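Engineer: My questions will all concern the structure given below.
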Amino acid sequence: VSTMNAKTSSVGEEEASRIGNETLGESGCLGEAKRRQVIRVAYVIAAIDLTLLFMQMGVMPVSMGALASQHISFNAGLCSFPAEFADQYGARAALILSCASGSIFFLLMSLSTNIPLLFLSRLPGMFMHGIPGAQKVITDMTTPSQRAGALGKLGLCFGVGIISGSAVGGVLSTKFGIYVPTYVGLVGSLINTLIAVVWIPSQTKPKSDHHMEENSDLFSIREILRLMKFPGVLEVFIVKVFAGLPIGLFMIMFSIISMDFFGLEAVESGYLMSYIGVLQMVVQGLVVGKLTSHCTEMTLLRLCVFVFAGVGLGMALMRTVWHYCIIAVPLVFAFSMLATITDSILTKAVPSTDTGAMLGICASVQPLTRTVGPTIGGVLYKQFGVSSFGYLQLMVNLCLLVYLMKSKIPLGEMKSQ
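Convert by adding 663 to the 1-based position in the sequence shown; the result is the number in our numbering.
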């Protein structure tokens, strides 16, 4: 009788597993094929989204700083909304919202003939967060051991976006007029919306998880504080925020530094940004995935902080643009690895029902840096020079390295497969 009960229990577990797989539309090997297909589609959506983003950034006049500040402030305030929205309504709904908002944004841009309408066109940007949506799809469709490598490949999309977007935007605006890139952006956003509707499943998680998410609150500070109380989350989030902060301030001021300190013209600055984009693609495609499969995530986190400290020393001694080209190699490596590893660790540290909210909090770091960055970065550059960014980077990361070495962060050590 006990043997029969054991067999019955085993059959029941297998049936439950089969039903769970069918929430993704398939079972067994076919379910795995379906998941891989959906992940590839998420990469395509992210690549198109970033290409359109860098295309419009390249076309936007430099003098429109107020516009950029308005857009960044909105994003900082609502950056966690799309991912938390995905927790309640699904990743497809979040991606459709983001892509549809992009379509409205480019439509308003194409109709902008005065300053008030140009400011109004930035309002849909509050909901244009394709990357957090793609991250949500990937975290839902991968196992914890596969997550770091899968999230790391989004860096390839960033490289594609920064190279192709800048180039296409410049060519279109020069040869056909400044409004043509907005028309292309409108068509691209509509295509992205259609891709999300057709190829992304309505729910990328089992229905049981979805029901648990329905009680979550989209804008609850209490919920954010609750997530920070999970073991190791606050510690890793602190490292994520502060490790790259000084370099982030430098990058915000880079357009001024490239002309004033390096003596570069606009075209030469574009070449330098393309070089950074190529580095990003190489690092994400050839380095990050292999390291995550051979080293534990906490080891890689310590490595990132150590490399960031070395980058800070190099920046403090930097004198020419060629020095910066050399420093850019470990800089891009550390930035790429830090973003991938911290996102992977933090989404593993919280329940699966909270991964979207956690990704939203992670995504808010960069817009918040861009909000306060121009003021802090301007003071540092004007009062202390370029070397101040390097010395600040060195000191901050040495402190973080000591913190990581002494603290025992209670997170499971695992390698990606």
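Virtual Cβ for every residue (Gly too), placed ideally from N, Cα, C. Only a predicted model underlies this, so the values are computations on that prediction, with no experimental measurement involved.
For a quick check, are the C-beta atoms of T714 and V831 less than 9 Å apart?
Structural biologist: Yes, Cβ-Cβ distance for T714 and V831 is below 9 Å.
Engineer: Which of helix, strand or coil does DSSP assign to R982?
Structural biologist: The answer is coil: DSSP assigns R982 none of H, G, I, E or B.
Engineer: Within 10 Å of its beta-carbon, does K1069 have 16 or more other beta-carbons around it, so buried, or fewer, so exposed?
Structural biologist: The residue is exposed, with fewer than 16 neighbouring Cβ atoms inside 10 Å.
Engineer: Quick check: what's the CA-CA separation for P779 versus M772?
Structural biologist: Their backbone Cα atoms lie some 11 Å apart in a straight line.
Engineer: With distances taken between CB atoms, is the gap from V616 to M944 smaller than 9 Å?
Structural biologist: There is no way to answer for residue 616, as the model of the chain reaches only from 664 to 1080.
Engineer: Determine the DSSP secondary structure at F925, reduced to helix, strand or coil.
Structural biologist: In this structure, F925 counts as coil in the three-state DSSP scheme.
Engineer: What distance in whole Å lies between the Cβ atoms of K799 and A756, which are believed to be in contact at a cut-off of 8 Å?
Structural biologist: At roughly 10 Å, the Cβ-Cβ gap does not stay under 8 Å, so A756 and K799 are not in contact.
Engineer: Would you mind reading off the limits of the alpha helix (DSSP H) that contains H792?
Structural biologist: Segment: none, H792 is in no alpha helix (DSSP H) and carries neither H nor E.
Engineer: Among the candidates L716, L781 and C958, whose CA atom is the shortest distance from the CA of V1090?
Structural biologist: Residue 1090 lies beyond the range of the chain shown here (664 to 1080); nothing can be said about it.
Engineer: Nearest CA to the CA of Q1056: which residue from V992, I801, G977 and T802?
Structural biologist: Closest option to Q1056, Cα to Cα, is G977.
Engineer: What is the residue span of the alpha helix (DSSP H) that I841 lies within?
Structural biologist: Run containing I841: none; DSSP gives neither H nor E here.
Engineer: Taking the alpha-carbon positions, what's the Y938 to I711 distance?
Structural biologist: Taking the straight line joining both Cα atoms gives about 20 Å.
Engineer: With a threshold of 7 Å on Cβ separation, who are the neighbours of F996 within its own chain once the five nearest residues in sequence on each side are excluded?
Structural biologist: Closer than 7 Å at the Cβ level, and outside the excluded window around F996, lie V946, V950 and V970.
Engineer: Can you name, in chain order, every residue of its own chain whose Cβ lies under 7 Å from the Cβ of M1021, other than the five neighbours on each side?
Structural biologist: These residues qualify, in order along the chain: L890, L1009, T1010 and V1013.
Engineer: In angstroms with no decimal places, state the Cα-to-Cα distance between A754 and K1045.
Structural biologist: C-alpha separation (whole angstroms): 44 Å.
Engineer: CA-CA distance, E960 and L817?
Structural biologist: Distance between the alpha carbons of E960 and L817 is about 18 Å.
Engineer: So the alpha helix (DSSP H) P1014 belongs to, where does it begin and stop?
Structural biologist: No alpha helix (DSSP H) contains P1014, which DSSP labels as neither H nor E.
Engineer: Could you give the distance in angstroms between the alpha-carbon of P909 and the alpha-carbon of A696?
Structural biologist: Roughly 42 Å between the two C-alpha positions.
Engineer: Touching or not, the stretch 894 to 913 and the stretch 789 to 808, by the rule of three or more beta carbon pairs under 8 Å?
Structural biologist: The stretch 894 to 913, when compared against the stretch 789 to 808, does not touch it at the 8 Å Cβ threshold.
Engineer: Give the single residue among M718, R810 and R699 whose Cα lies nearest to the Cα of A1002.
Structural biologist: Residue R810 is the option with its Cα nearest to A1002.
Engineer: Are the beta-carbon atoms of I1072 and V860 separated by less than 9 Å?
Structural biologist: Against a cut-off of 9 Å, the Cβ pair of V860 and I1072 comes out as no contact.
Engineer: A731 by DSSP, collapsed to three states: which one?
Structural biologist: Residue placement at A731 cannot be trusted, given a pLDDT of 43 that sits under 50; what the coordinates show is reported in the next sentence. Three-state result, A731: helix.
Engineer: Let's see if you can read the secondary structure: which residues bound the alpha helix (DSSP H) around V1049?
Structural biologist: First-last for V1049: undefined, no H or E at that position.
Engineer: Taking only three categories from DSSP, how would you classify C958?
Structural biologist: Coil, per DSSP.
Engineer: Would you say P825 and I708 are within 9 Å of each other, going by their C-beta atoms?
Structural biologist: In the sequence under discussion, the amino acid at residue 825 is Ile, which differs from the Pro named in the question. Their beta carbons are not under 9 Å apart, which means I825 does not touch I708 by this criterion.
Engineer: How would you label P894, buried or exposed, when you count the other beta carbons within 10 angstroms and need 16 or more for buried?
Structural biologist: So P894 ends up on the exposed side.
Engineer: Going by beta-carbon coordinates alone, are L942 and V974 separated by less than 9 Å?
Structural biologist: It is not a contact, given that the beta carbons lie outside the stated cut-off.
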